[in-house]
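One structure is given below, encoded as C-alpha cells.
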Amino acid sequence: MTQQATDAAGPLTIYRRMQEALLEDEATLLPAELLAEDIVVETPFSPPGMRRHEGREAWLEYYRTSSAALSVRFERLRELATHRTDDPEVIVVEYELTGTVTDTGLRSSVTCIGVLRVRDGLIKHWREYQDIPAISAALNRRPEELGGTPSPTP
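Using this note's numbering, read the sequence shown as starting at 400 and increasing by one per residue.
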C-alpha cells in the first residue's frame, strides 16, 4: 500500500484495514504502513511500562518483541459497535477478538474498546482498552482445567 493510497482514508476506512491485517498470516492490528511517524499507542490497563509507546519505530520495536512471545492465532474480529464522534478524525470502536492459543489449542475471545485518530490517512493515536484478566486467563489455561480438549491444529 502506498502513501498516496491512504491519503484520503478516514478513520473508518483505516479501521477496516486494521481488521483485515489482524486476520492475515503476519497478524498485526497496527500495520506499519498505516502508522504516522509520531503515532502514540496506549493500552491504559496494561502493566506499567507497557502502557504508552510514542513514535512509529518505538511501537514497532515493542510489537516485534511482544508478538514473538504471544502464542495466539487470531481467527475472527467481530465488530460490536462503531461510534463516530464530533471530531472527524476520531472513531470509537468496540470489538470482540477470537483466537486460538497455539500452545494449548484452546479458543477464547476477548472484548476490547479502541479509540482511533487518523490524520492524512495515517494512524496518529490508538488507545485500546483490553480485558487484561480475560487475556491472561486464556493464555494460562490448560484444556484439562476446562474439562475440554484442544482444538485440532490445521
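No residue lacks a Cβ here, since even glycine has one placed at the ideal position from N, Cα and C.
Applying the 10 Å Cβ sphere with the 16-neighbour rule, what's the burial state of residue i?
| i | result |
| --- | --- |
| E527 | buried |
| A404 | In this prediction, A404 has a pLDDT of 44, which is less than 50 and means its spatial position is unreliable; what the coordinates show is noted afterwards. It is exposed - the Cβ of A404 has fewer than 16 other Cβ atoms within 10 Å. |
| M449 | exposed |
| Y414 | buried |
| L433 | buried |
| D406 | The pLDDT assigned to D406 is 48, lower than 50, so where the model puts this residue is not dependable; a value taken from the coordinates is nonetheless given after this. Label assigned to D406: exposed. |
| T412 | exposed |
To which residues of the same chain is residue i closer than 6 Å at the C-beta, ignoring the five residues directly before and after it?
| i | result |
| --- | --- |
| V509 | L496, D530, A533 and I534 |
| A420 | T427 and P430 |
| P507 | What sits at residue 507 in the sequence shown is Ser, not Pro. The residues are A537. |
| R475 | T497 |
What are the boundary residues of the alpha helix (DSSP H) that includes residue i?
| i | result |
| --- | --- |
| R415 | P410 to L421 |
| S535 | I531 to N539 |
Would you identify the three-state DSSP class for residue i, choosing helix, strand or coil?
| i | result |
| --- | --- |
| E456 | helix |
| T510 | strand |
| R463 | helix |
| E425 | coil |
| L515 | strand |
To which residues of the same chain is residue i closer than 7 Å at the C-beta, ignoring the five residues directly before and after it?
| i | result |
| --- | --- |
| F444 | Y528, Q529 and I531 |
| T501 | S470, V471 and R472 |
| E488 | P410, R516, V517 and R518 |
Starting from residue i, trace the beta strand (DSSP E) both ways and give me its first and last residue.
| i | result |
| --- | --- |
| G498 | V489 to V500 |
| E474 | V471 to R483 |
| D437 | L434 to E441 |
Within a Cβ cutoff of 8 Å, which residues of the same chain sit near residue i, ignoring the five residues on either side of it in sequence?
| i | result |
| --- | --- |
| D437 | E453, G454, R455 and K523 |
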